[in-house]
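Participant: Chains A and B supply the protein sequences, listed in that same order.
Just so we're aligned, residue 0 is where the first sequence starts under numbering that gives the first Met the number 0, counting upward by one.
Just so we're aligned, residue 0 is where the second sequence starts under numbering that gives the first Met the number 0, counting upward by one.
Glycine residues also receive a C-beta, built at the ideal position from the N, C-alpha and C atoms.
Just dropping this structure here.
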Amino acid sequence: MNFVRAHVLVCTGTGCSSAGADGIISAFEEQLKKNGLDEEVRVVKTGCLGLCAKGPNVVVYPEGVYYNYVSAEDVPEIVEEHLLKGRPVTRLIHGDAEDASKATNLTDTAFYKDQVRIALRNCGVINPEDIDEYIAYDGYAALAKVLTEMTPQQVIDEIKASGLKGRGGAGFPTGLKWQFAANSPGPVKYACCNADEGDPGAFMDRSVLEGDPHSVLEAMTIAGYAIGATEGYIYVRAEYPIAVERLKKALEQSHEYGFLGKNIFGTDFSFDIGIRLGSGAFVCGEETALMVSIEGKRGEPRCRPPYPAVKGLFGKPTILNNVETYANVCWIINHGAEAYAALGTEGSKGTKVFALGGKINNTGLVEIPMGTPLRQIIEEIGGGVPNGKKFKAVQTGGPSGACIPASQIDVPIDYENLTRIGAMMGSGGMIVLDEDDCMVDIAKFFLQFTVDESCGKCSPCRIGIKRMYDILDRITAGQGTLEDLDTLEELAAHIKGNALCGLGQTAPNPVLSTLKNFKDEYVAHVVEKRCPAGSCKALLNYTIDPAKCKGCSACSRVCPADAISGVVRSPFVIDQSKCIKCGSCMEKCKFGAISKG
Amino acid sequence: MKSLEELKALREQMQSKMNVRKDDNETIRVVVGMATCGIAAGARPVLNAFMEEVNKRGLKNVQVTQTGCIGVCRLEPIVEVFVPGQEKVTYVKMNAEKVPAIVAQHIVNKQVVTDYTIGAAE
Ligand SMILES: Cc1cc2nc3c(=O)[nH]c(=O)nc-3n(C[C@H](O)[C@H](O)[C@H](O)COP(=O)(O)O)c2cc1C
Ligand code: SF4
Ligand code: SF4
Ligand code: SF4
Ligand code: FES
Ligand code: FES
């Protein structure tokens, strides 16, 4: 065995893979060989590092130097300069550090330094395809401890004491859920994992599965032991090919090592896990729909009770937990419930992973302690809103969620505070909106999504949400009335109260919360026929200010609709009946004579 | 895998292989100046000798790494040794023959090899 003095970790998550990570790996292997370094420097595949938008991402250890936007052409320079001569390639180093000229350690960057990584602890740290690396980072130690030192009830008590709540959206206490299932009598039970992740923009669960699949398998096995199950299923969407492939590999390795199968660690506990692929219907993420889908039937929700803990998969007591929920479990067993409960707030313990997107400099995956103020997420970790625009709101919780307006930027993010201000945690999507985003249009976007995804089983959802959508469509087209706003609220209340499943019950949330926080924007649309954000095209007028226009004709030359006319050196005018609102003229005018509104 | 002991043994074996990725305050770091002048002065065999020696002794918690210019070209090859809780020690005019002594005395037994240090050279 040779002494290996450096590891080059190349992210092979979905983001970096699509940006060309495979080519980077082969380039490193080739260049290391060429420089005679291939024995002393190892290239390692790893999972998502969080800043996917800046990928392909590479970290070089032992220094922990974090490179962004690496291309195959950069690799010879990294090998010769950094790995041979010890001079990190500063132009590729992640730039948000105070002093980018010095070789910054990953953990010193503004993006990382306030994060606390528990669910993501191994993502971007280990090779997800190598069970030995997982073991080096305490992998399967929790399972060993549980099976050899703890009773099922002690496991449940530990999870209860940690305060862990379900990360899939509803926030139900995980220990309590396990207790219900443990209390349900019967020899056959199931411990399942929800990896359907249907929220547009969310990719927390995908990243965990891609970066640390064993942590989910291990936690499911622990859950199985706790409730008395011998089998489990992971329901994962087929659109996550890398995650599915890594899960399959992990299952294989785990069997080989005897962490799954019969008589685990020589005890009389046996457990096995199967993978089921979902075809990407949002409603199949709902627990009852998910279970009938695993059974091979059409994924439609059913009434609860009975709850899955009593009558779930194949009619047997079942628990279903989200990927991120499971990703916390082994850490809690290894470090103790107290250590977990020491993080977070009174009612919300531990950390939460968010997929930060929209108008923010650092789009990506972040894990922060519960109770972190929104301002810190946006301004520090997220690096602020780009192009000097004004922060307007964040939308959390996707199509079931709500928005937090800028006036609430100091709110500490936890379950209780978000509920108090009428927002919600959801599964962790966090979309940042700036002054150019129209809140009516955002609400419409999410309703469009739920209309498309409604299974159609119950009419409040099938018909009601479509009606709400139609109203929003009218409003953004400048044909809404003030009565429409009342109708929206009335419909919303009815749908929330009568829809069969969570999809319908929560679908009105984006509308209600924008109506509550941005009523003036709705009113501007219906009364003044104006979109304050300048985003609803039907309500936009581009006009030339004759006092500022120099008559240079630049605008009329770019107009694709021939809508601008005039005589050179005197003010030009836009023919509103011809204008298609493309905005080209405004961009072109050097004198700021054209405005929209 | 049938027992806790087996798992523990594998974990320890793997941990020593993954030492490179560790960022804690138990790790001893040996840093060799490998800028152009360092390489010209013979830093490469020194780096190799450190890797060989650490490997031969199966030392855990030791990182051997390279850095750029340390700043005193005339004393190259230069090696800095960081033992947690102790001041940095700078060895100068290094060659491969000096390495085993530094590993044995300084890294294993925490006794600085004063003769080879920058203080002795100045
Ligand atoms: C329409 C709908 C879609 C859902 N999609 C998901 C999903 O993709 N992933 C998930 O974990 N939970 C999803 N849920 C929540 C699940 O029904 C369930 O509450 C969750 O998986 C329980 O796990 P937890 O307690 O660990 O959060 C969805 C719920 C609804 C109503
Ligand atoms: S609320 Fe919507 S998705 Fe849920 S059962 Fe009814 S129609 Fe189907
Ligand atoms: S580009 Fe501006 S200044 Fe020139 S004609 Fe058009 S509006 Fe007037
Ligand atoms: S917005 Fe587009 S279509 Fe309208 S006047 Fe300007 S360039 Fe022409
Ligand atoms: S996929 Fe590479 S950083 Fe997320
Ligand atoms: S280049 Fe060798 S010390 Fe500066």
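Starting from N193(A), trace the beta strand (DSSP E) in both directions and tell me its first and last residue.
Facilitator: Looking up residue 193(A) in the first sequence gives position 194. It spans Y189 to A194 - the beta strand (DSSP E) in which N193(A) sits, taken as one unbroken run.
Participant: Decide if N121(A) is buried, meaning its Cβ has at least 16 other Cβ atoms within 10 Å, or exposed.
Facilitator: Here residue 121(A) is taken as the residue at index 122 of the first sequence, counted from 1. Buried, since its Cβ has 16 or more Cβ neighbours within 10 Å.
Participant: Along the chain, where does the beta strand (DSSP E) that runs through F353(A) open and close?
Facilitator: Reading the first sequence from its first residue, position 354 is the one you call residue 353(A). Counting along the chain, the beta strand (DSSP E) containing F353(A) begins and ends at T350 to G357.
Participant: Mind reading off the beta-carbon distance from E63(A) to N1(A)? Whole number of angstroms is fine, and I expect it under 8 Å.
Facilitator: Position 64 of the first sequence, counted from the start, is the residue given in the question as residue 63(A). Position 2 of the first sequence, counted from the start, is the residue given in the question as residue 1(A). For the record, residue 63(A) in the displayed sequence is Gly; it is not Glu. 22 Å between Cβ atoms; not a contact.
Participant: With a threshold of 7 Å between beta carbons, is R10(B) in contact with chain A?
Facilitator: Locating residue 10(B) in the second sequence gives position 11, where the first residue counts as 1. Chain A contact via Cβ: present.
Participant: Once you ignore the five residues that flank I155(A) on each side, which residues in its own chain have a CB closer than 7 Å to its CB?
Facilitator: Position 156 of the first sequence holds residue 155(A). So the qualifying residues of the chain are G174, W177, Q178, A181 and A225.
Participant: How many whole angstroms separate the CB atoms of A537(A) and E434(A), which I take to be in contact at a CB cut-off of 8 Å?
Facilitator: Reading the first sequence from its first residue, position 538 is the one you call residue 537(A). Reading the first sequence from its first residue, position 435 is the one you call residue 434(A). Their Cβ separation, rounded to whole angstroms, is 20 Å, which puts A537(A) and E434(A) out of contact at 8 Å.
Participant: Less than 7 Å between the C-beta atoms of H105(B) and V71(B), yes or no?
Facilitator: One-based indexing of the second sequence puts residue 105(B) at position 106. One-based indexing of the second sequence puts residue 71(B) at position 72. For H105(B) and V71(B), no; Cβs fall outside 7 Å.
Participant: Could you work out which residues of chain B lie near F2(A), taking near to mean beta carbons separated by less than 8 Å?
Facilitator: For the purposes of this step, residue 2(A) is taken as residue 3 along the first sequence, with counting starting at 1. The contacting residues are M50, E51, V53, N54 and V63.
Participant: Looking at the secondary structure, which residues open and close the alpha helix (DSSP H) in which F390(A) lies?
Facilitator: Locating residue 390(A) in the first sequence gives position 391, counting from the first residue. Segment F390 to T395 is the beta strand (DSSP E) holding F390(A); no alpha helix (DSSP H) there.
Participant: Verify the CB distance criterion: does A99(A) have a CB-CB separation below 7 Å to chain B?
Facilitator: Here residue 99(A) refers to the residue found at position 100 of the first sequence. Annotation note: pLDDT 49 at A99(A) (below 50); position unreliable, coordinate value reported separately. Chain B, which has no Cβ nearer than 7 Å to the Cβ of A99(A), makes this no.
Participant: Let me check understanding here. Comparing Cα to Cα, which of G12(A), G397(A), R205(A) and V393(A) lies closest to Q407(A)?
Facilitator: Counting from one through the first sequence, the residue named residue 407(A) turns up at place 408. Nearest option by C-alpha distance: V393(A).
Participant: Give every residue of the same chain whose Cβ lies closer than 7 Å to the Cβ of A99(A), excluding the five residues on either side of it in the sequence, and list them in chain order.
Facilitator: Working through the first sequence from its first residue, we reach residue 99(A) at position 100. Residue confidence for A99(A) is low, a pLDDT of 49 falling below 50, so the modelled location carries little weight; the figure read from the coordinates is stated next. Same-chain partners within the cutoff: T89 and I92.
Participant: In the DSSP assignment, what residue or residues form a beta bridge with V643(A)?
Facilitator: Since the first and last residues shown for chain A are 0 and 596, residue 643(A) lies out of range.
Participant: Any idea if L46(B) is buried or exposed, counting beta-carbon neighbours within 10 angstroms, 16 or more meaning buried?
Facilitator: As a first step, residue 46(B) must be located in the second sequence, where it is residue number 47. Buried.
Participant: Looking at the structure shown, is S583(A) part of a helix, part of a strand, or coil, going by DSSP?
Facilitator: On the first sequence, position 584 is the one that residue 583(A) refers to. Looking at S583(A) - three-state DSSP - the assignment turns out to be helix.
Participant: What are the complete beta strand (DSSP E) segments, minimum 3 residues, inside the stretch 531–575 of chain A?
Facilitator: As far as the stretch 531–575 of chain A is concerned, its whole beta strand (DSSP E) runs of at least 3 residues are 541–543.
Participant: Can you give me the C-alpha to C-alpha distance between S70(A) and L82(A), rounded to a whole angstrom?
Facilitator: Along the first sequence, one-based indexing puts residue 70(A) at 71. Along the first sequence, one-based indexing puts residue 82(A) at 83. Whole-angstrom Cα-Cα distance: 17 Å.
Participant: In chain order, what residues of the same chain lie with their CB nearer than 7 Å to the CB of V187(A), ignoring the 5 residues before and after it?
Facilitator: Here residue 187(A) refers to the residue found at position 188 of the first sequence. So the qualifying residues of the chain are K315.
Participant: Got a sec, what are the start and stop residues for the alpha helix (DSSP H) T475(A) sits in?
Facilitator: As a first step, residue 475(A) must be located in the first sequence, where it is residue number 476. Element bounds for T475(A): K465 to T475.
Participant: With a cut-off of 6 Å, give the chain-ordered residues whose Cβ is closer than this to any heavy atom of ligand 7.
Facilitator: You won't find ligand 7 in this model; what it holds is ligand 1, ligand 2, ligand 3, ligand 4, ligand 5 and ligand 6.
Participant: Distance cutoff 7 Å, beta carbons only. Does M13(B) sit that close to anything in chain A?
Facilitator: Indexing the second sequence from 1 puts residue 13(B) at position 14. Yes, because at least one Cβ of chain A sits closer than 7 Å to the Cβ of M13(B).
Participant: Mind listing the chain A neighbours of M93(B)? Cutoff is C-beta to C-beta under 7 Å, in chain order.
Facilitator: As a first step, residue 93(B) is located in the second sequence; it is residue number 94 there, counting from the start. Correct list: empty, because the minimum Cβ distance to chain A is about 15 Å.
Participant: For G260(A), I'd like the list of residues in its chain whose CB is within less than 6 Å of its CB, leaving aside the five on either flank, ordered along the chain.
Facilitator: In the first sequence, the residue the question calls residue 260(A) occupies position 261. Cβ neighbours of G260(A) beyond the five flanking positions: H254.
Participant: Below 8 Å on the Cβ atoms is my contact criterion, and I expect V42(A) with L342(A) to pass it. Report the Cβ-Cβ distance as a whole number of Å.
Facilitator: Residue mapping note: residue 42(A) aligns to position 43 of the first sequence, counting from 1. Residue mapping note: residue 342(A) aligns to position 343 of the first sequence, counting from 1. With 8 Å as the limit, V42(A) and L342(A) do not qualify as a contact, their Cβ atoms being about 34 Å apart.
Participant: Does the pairing of the stretch 225–237 of chain A with the stretch 261–270 of chain A give three or more beta-carbon distances under 8 Å?
Facilitator: Yes, the stretch 225–237 of chain A is in contact with the stretch 261–270 of chain A.
Participant: May I ask you to report which of helix, strand or coil DSSP gives L119(A)?
Facilitator: Start at 1 with the first residue of the first sequence, and residue 119(A) comes out as number 120. Coil.
Participant: Can you name, in chain order, every residue of its own chain whose Cβ lies under 8 Å from the Cβ of Y306(A), other than the five neighbours on each side?
Facilitator: One-based indexing of the first sequence puts residue 306(A) at position 307. Contacts found: F179.
Participant: Quick one: what's P368(A) bridged to in DSSP?
Facilitator: Numbered from 1 along the first sequence, position 369 holds the residue referred to as residue 368(A). DSSP lists T350(A) as partners of P368(A).
Participant: Would you please verify whether the beta carbon of I367(A) is less than 7 Å from any beta carbon of chain B?
Facilitator: On the first sequence, position 368 is the one that residue 367(A) refers to. False, the Cβ-Cβ gap to chain B never drops below 7 Å.
Participant: Taking only beta-carbon positions, decide if A141(A) is within less than 7 Å of chain B.
Facilitator: Position 142 of the first sequence holds residue 141(A). Chain B, which has no Cβ nearer than 7 Å to the Cβ of A141(A), makes this no.
Participant: Could you check where the beta strand (DSSP E) with G231(A) kicks off and where it finishes?
Facilitator: By 1-based counting over the first sequence, the position of residue 231(A) is 232. Residues E230 to R236.
Participant: Out of V215(A), Y239(A), A280(A) and V282(A), state which residue places its alpha-carbon closest to the alpha-carbon of A249(A).
Facilitator: As a working mapping, residue 249(A) is identified with position 250 in the first sequence. It is V215(A).
Participant: Using a Cβ-Cβ distance cut-off of 7 Å, determine whether G67(B) contacts chain A.
Facilitator: By one-based count along the second sequence, residue 67(B) stands at place 68. Judged by the 7 Å Cβ criterion, G67(B) is in contact with chain A.
Participant: Taking E5(B) as the reference, which of A18(A), L48(A), G85(A) and Y139(A) has the closest Cα?
Facilitator: Indexing the second sequence from 1 puts residue 5(B) at position 6. Minimum Cα distance to E5(B) is reached at Y139(A).
Participant: Using a Cβ-based criterion (distance less than 6 Å to any ligand heavy atom), does N327(A) qualify as near ligand 1?
Facilitator: Position 328 of the first sequence, counted from the first residue, corresponds to residue 327(A). Checking every heavy atom of ligand 1 against the Cβ of N327(A), none is found closer than 6 Å.
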